[in-house]
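A.B. asks: Residue numbers (the numbering used here): 5 to 213.
Beta carbons are placed, not taken as given, at the ideal position from N, Cα and C, and that holds for glycine.
Sharing a structure with you now.
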């Protein structure tokens, strides 16, 4: 199917607004866009107008699944409490007594202006994860990490930074893409960068060579 209607401001082309699943090809201003079963993974495709009149296509989550940075911060705070053993069954193995000491786990930090990366890096393995609330892969990565936190190397300190607002931090480490991990050296410099990978990638890329 090819659609050639020009969308109004804030409104996507007709083929993007249709709900039918499957391959869609939208021809507009000489550009071809292909959408392959995105609805199957819960992702919608929307088009919006940039300055200069050019159209840009973005993949976003459905409205009821969009996560705000405030919700993420709240979730991270709750996760930190669980990982610290303050509350929640995730701290204990199935069938274990609540009186048993919780196992040692990785440390989670929400980056802010007060975060001292130099001090954290000097203490041990420190990784900064650049997260964007509009990035489906970032949300999936963070979800996997939280669900499998016990499998992360307990020596790791994972710092979550906002990809959109921490521009100086991105420039410092040469980060140009969301869902990026940065392993810091002992002086808080960038020792290694990689994208995605979840728990396995986090452990593999921080393993001493």
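#1: Looking only at C-alpha atoms, which of 190, 164, 166 sits nearest to residue 122?
#2: Please determine, among 157, 193, 195, the residue with the shortest C-alpha to C-alpha distance to residue 206.
#3: Cα separation between residue 95 and residue 155?
#4: Could you check what DSSP says for residue 138 in three-state terms: helix, strand or coil?
#5: Distance, Cα to Cα, residue 112 vs residue 124?
#6: Take residue 184 and list the residues in its own chain whose beta-carbon comes closer than 7 Å to its own, dropping the five residues that flank it on each side.
#7: Taking 7 Å as the threshold (C-beta atoms), are residue 167 and residue 194 in contact?
#8: With DSSP as the reference, please indicate the residues paired to residue 162 in a beta bridge.
#9: Taking 7 Å as the limit between beta carbons, can you name the residues of its chain near residue 142, skipping five residues before and five after?
#10: Going by other Cβ atoms of all chains shown within 10 Å of its Cβ, with 16 needed for buried, is residue 170 buried or exposed?
#11: If you follow the beta strand (DSSP E) that residue 199 is in, where does it begin and where does it stop?
#12: Could you please give me the residues that DSSP links to residue 186 through a beta bridge?
#13: The alpha helix (DSSP H) spanning residue 205 covers which residue range?
#14: Could you tell me if residue 102 is buried or exposed, where buried requires 16 or more neighbouring beta carbons within 10 angstroms of its beta carbon?
#15: Check this for me: beta carbons of residue 161 and residue 187, under 7 Å apart or not?
#16: Determine the burial state of residue 165: buried for a count of at least 16 other Cβ atoms within 10 Å of its Cβ, exposed for fewer.
#17: Look at the alpha carbon of residue 179 and the alpha carbon of residue 107, and state the distance between them as a whole number of angstroms.
#18: To which residues of the same chain is residue 129 closer than 6 Å at the C-beta, ignoring the five residues directly before and after it?
#19: Out of 139, 138, 126, 144, which one is the CA nearest neighbour of residue 201?
#20: What is the rounded straight-line gap between the Cα of residue 127 and the Cα of residue 119?
C.D. replies: Taking the definition as stated:
#1: Your numbering for residue 122 matches position 118 in the chain shown. When only C-alpha atoms are compared, the closest one is 190.
#2: Numbered from 1 along the chain shown, position 202 holds the residue referred to as residue 206. Out of 157, 193, 195, 157 has the C-alpha closest to the C-alpha of residue 206.
#3: Position 91 of the chain shown holds residue 95. Position 151 of the chain shown holds residue 155. Confidence at residue 95 is low in this model, with a pLDDT of 35, below 50, so the placement of that residue is unreliable and no value is reported for it.
#4: Working through the chain shown from its first residue, we reach residue 138 at position 134. DSSP places residue 138 in coil when its eight states are reduced to three.
#5: Here residue 112 corresponds to residue number 108 of the chain shown, with the count starting at 1. Here residue 124 corresponds to residue number 120 of the chain shown, with the count starting at 1. Roughly 11 Å between the two C-alpha positions.
#6: By 1-based counting over the chain shown, the position of residue 184 is 180. Counting only Cβ-Cβ distances below 7 Å, and skipping sequence neighbours, we find 134, 197, 199.
#7: Here residue 194 corresponds to residue number 190 of the chain shown, with the count starting at 1. Here residue 167 corresponds to residue number 163 of the chain shown, with the count starting at 1. No. Outside cutoff.
#8: Mapped onto the chain shown, residue 162 falls at position 158. For residue 162, which the question treats as bridged, DSSP gives the partners 112, 131.
#9: Here residue 142 refers to the residue found at position 138 when the chain shown is read from its first residue. Sequence-distant Cβ neighbours of residue 142 in its own chain, meaning closer than 7 Å and more than five residues away, are 135, 136, 182, 183.
#10: Residue mapping note: residue 170 aligns to position 166 of the chain shown, counting from 1. Buried, by the Cβ-count rule.
#11: As a first step, residue 199 must be located in the chain shown, where it is residue number 195. Element bounds for residue 199: 194-199.
#12: For the purposes of this step, residue 186 is taken as residue 182 along the chain shown, with counting starting at 1. According to DSSP, residue 186 bridges with 132, 197.
#13: Translated into positions along the chain shown, residue 205 becomes position 201. Element bounds for residue 205: 202-210.
#14: Reading the chain shown from its first residue, position 98 is the one you call residue 102. Low local confidence applies: a pLDDT of 43 at residue 102 is under 50, so the model's placement there is unreliable, with the coordinate-based value given in what follows. Exposed, by the Cβ-count rule.
#15: Counted from its first residue, the chain shown places residue 161 at position 157. Counted from its first residue, the chain shown places residue 187 at position 183. By the CB criterion at 7 Å, residue 161 and residue 187 fall outside the cutoff.
#16: To locate residue 165, count along the chain shown from 1; it is residue 161. Buried: at least 16 other Cβ atoms inside 10 Å.
#17: Along the chain shown, read from residue 1 onward, the residue named residue 179 stands at position 175. Along the chain shown, read from residue 1 onward, the residue named residue 107 stands at position 103. In a straight line, the C-alpha of residue 179 is about 33 Å away from that of residue 107.
#18: Position 125 of the chain shown, counted from the first residue, corresponds to residue 129. Contacts found: 159, 160, 210.
#19: Taking the first residue of the chain shown as 1, we reach residue 201 at position 197. For residue 201, the closest C-alpha among the options 139, 138, 126, 144 is that of 144.
#20: In the chain shown, counting from the first residue as 1, residue 127 sits at position 123. In the chain shown, counting from the first residue as 1, residue 119 sits at position 115. Each residue's Cα considered, the two are about 14 Å apart.
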